[in-house]
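Single-structure report; data block below.
Protein chains in written order, with my numbering: chain A, 5 to 186; chain B, 5 to 186.
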C-alpha cells in the first residue's frame with residue numbers, strides 16, 4: 005500500500021456526516037455531491053445503504069458489526085481521499101471512538117454533525133425504523149435503545165430542523181472553500 | 005454513489021495480478037508500484053495480505069469467503085480507478101468467474117497472469133503454505149485441493165520462472181504506455 009503518495013493533483017478530504025437516523029445526512033450528502041459534480045470535482049459518496057450492498061453485506065447492527073462496518077468505510081475513504089477525491093461519508097456513526105479513529109486515519113477529516121432532535125427524526129421516520137424500534141421489532145437502534153454520542157467539537161453543525169438543504173450545502177461548500185479543499 | 009464522474013484528471017485502470025501462491029504477484033506488484041511512484045503516478049496497491057487487515061479480516065479461505073473477499077476488493081478498485089488511480093490488485097483470484105466480474109465492473113481492466121508452474125511455486129514455498137496444505141493442515145489451498153482456473157486471454161502473461169522481476173515490470177509498463185494509461 006502506497007503510504008507516501010506525493011503525486012496528488014488535488015487535495016482530497018473526507019466530509020463525515022454523523023447524526024441520528026432521519027436527521028438528513030444522506031439528503032445533504034446527495035445534494036452536496038450534485039453540487040460538487042456540477043463544479044467538476046472528483047467526488048465519491050459512501051452511504052450506509054449503498055455500502056452495505058458491496059462492502060458490508062455480512063454485517064448487522066450489533067455493536068461489533070458497527071465497529072467492522074465503520075472500519076471498512078474508513079479504510080476506503082482513506083484510500084480515496086489520499087488520491088485527491090472529495091469523499092462524502094454518511095453514516096449514523098453513533099460512537100465517538102469510531103469517528104476519532106476515522107479522524108486519525110484520514111487527511112483532512114471534516115466532521116459534520118447533522119443535528120436534529122430525536123423527536124423530529126422520529127416524527128419524520130422516513131424508513132419506518134423508529135416505529136419498529138419502539139415496538140421492539142429491531143434492537144440496538146440509535147437514539148432508542150442504543151446511545152448516540154454527539155460530537156463535542158465538530159467542524160460543522162447543521163441544524164436540519166431549522167435550515168434548508170440548500171443552506172446546509174452552502175455552509176459546507178463555504179467551509180471547503182475556506183480550507184482550500186475545493 | 006457517483007456513477008457519472010466526468011471530471012477525471014487521469015485515466016485510471018486496474019492491473020489485476022492473478023496466479024498461484026508463490027508465483028510472484030506481490031513481488032511484481034510492489035516493484036511496479038515503486039516504479040510508478042517514481043514517475044509521480046497516483047497508485048494504490050491492494051494486496052491480499054494487506055487488505056485482509058482492514059477490509060476482509062472476517063473472511064477465511066472457503067469458496068464463499070473468497071467470493072466476498074474478491075467482491076469487496078473489486079468494489080474498492082472500481083472506486084479508485086474511476087477517480088484516476090492506477091490500482092494494482094494482487095490476489096490469487098483462482099476462479100474465472102470472479103475475474104470476469106471484476107472485468108465487467110471496472111474500466112480499463114488489465115488481467116495479468118503471473119504464470120509459474122506449481123512445482124516451482126511449491127519449491128519456493130515462501131510462506132510455508134504448500135507444506136501445510138500437503139500435510140492437510142490447511143484446506144482449500146489453490147493448486148493442491150482447490151482448482152486454479154488459468155486465464156485464457158489475459159492482457160499479459162508473465163513467466164516468473166523465466167523472467168526477472170525487472171523484465172516483468174517493464175512488460176507491464178510498456179503495455180500501460182501503449183494503452184496510454186500512463
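Beta carbons are placed, not taken as given, at the ideal position from N, Cα and C, and that holds for glycine.
As the structure is a prediction and not an experimental result, all values here were calculated from the model.
Using a Cβ-Cβ cut-off of 7 Å, residue 144 (chain B) is close to nothing in chain A; its nearest Cβ partner there is about 19 Å away.
In terms of Cβ geometry, residue 32 (chain B) and residue 173 (chain B) form a close pair [threshold 8 Å]. CA-to-CA, the gap between residue 132 (chain A) and residue 26 (chain A) works out to about 10 Å. Secondary structure note for residue 89 (chain B): it is in no beta strand (DSSP E), with a DSSP letter that is neither H nor E.
It is roughly 27 Å from the alpha-carbon of residue 46 (chain B) to the alpha-carbon of residue 157 (chain B).
At least one beta carbon of chain A lies nearer than 8 Å to the beta carbon of residue 80 (chain B). Classified as buried, residue 29 (chain A) has 16 or more neighbouring CB atoms from the shown chains inside 10 Å of its CB. Within the stretch 68-114 of chain A, the runs of beta strand (DSSP E) at least 3 residues long that lie entirely inside it are, in chain order, 90-94.
For residue 97 (chain A), there are no C-beta contacts with chain B under 9 Å, since the nearest C-beta of that chain is about 17 Å from it. With the rule of 3 Cβ pairs closer than 8 Å, the stretch 92-106 of chain B counts as touching the stretch 15-25 of chain B. CA-CA distance, residue 185 (chain B) to residue 15 (chain B), rounds to 6 Å. An exposed status is given to residue 151 (chain B), since fewer than 16 other beta-carbon atoms sit within 10 Å of its beta-carbon. Linking residue 177 (chain B) to residue 110 (chain B) through their CA atoms gives a straight-line distance of about 20 Å. The three-state reading of DSSP puts residue 164 (chain B) in coil, since its state is none of H, G, I, E or B. Ranked by Cα distance from residue 75 (chain B), the options B:87, B:116, B:52, B:89 are led by B:52. Residues of chain B with a Cβ closer than 8 Å to the Cβ of residue 181 (chain A) do not exist; the shortest Cβ-Cβ separation is about 17 Å.
Apart from the 5 residues on each side of it in sequence, residue 180 (chain B) sits with its Cβ closer than 6 Å to the Cβ of 186 in its chain, given in chain order. Among the residues of chain A, none has a CB under 8 Å from the CB of residue 128 (chain B); the nearest is roughly 23 Å distant. Rounded to the nearest whole angstrom, the C-alpha separation of residue 83 (chain B) and residue 166 (chain A) is 35 Å. The beta carbon of residue 119 (chain B) does not come within 8 Å of any beta carbon belonging to chain A, so the residue lies off that interface. For the set A:115, A:58, A:97, A:101, the Cα lying nearest the Cα of residue 78 (chain B) is the one of A:58. At least one CB atom of chain B sits nearer than 8 Å to the CB of residue 87 (chain A). Residues of chain A whose Cβ lies closer than 9 Å to the Cβ of residue 36 (chain B) do not exist, since the nearest Cβ in that chain is about 11 Å away. Residue pairing by DSSP puts residue 49 (chain B) in a beta bridge opposite B:92.
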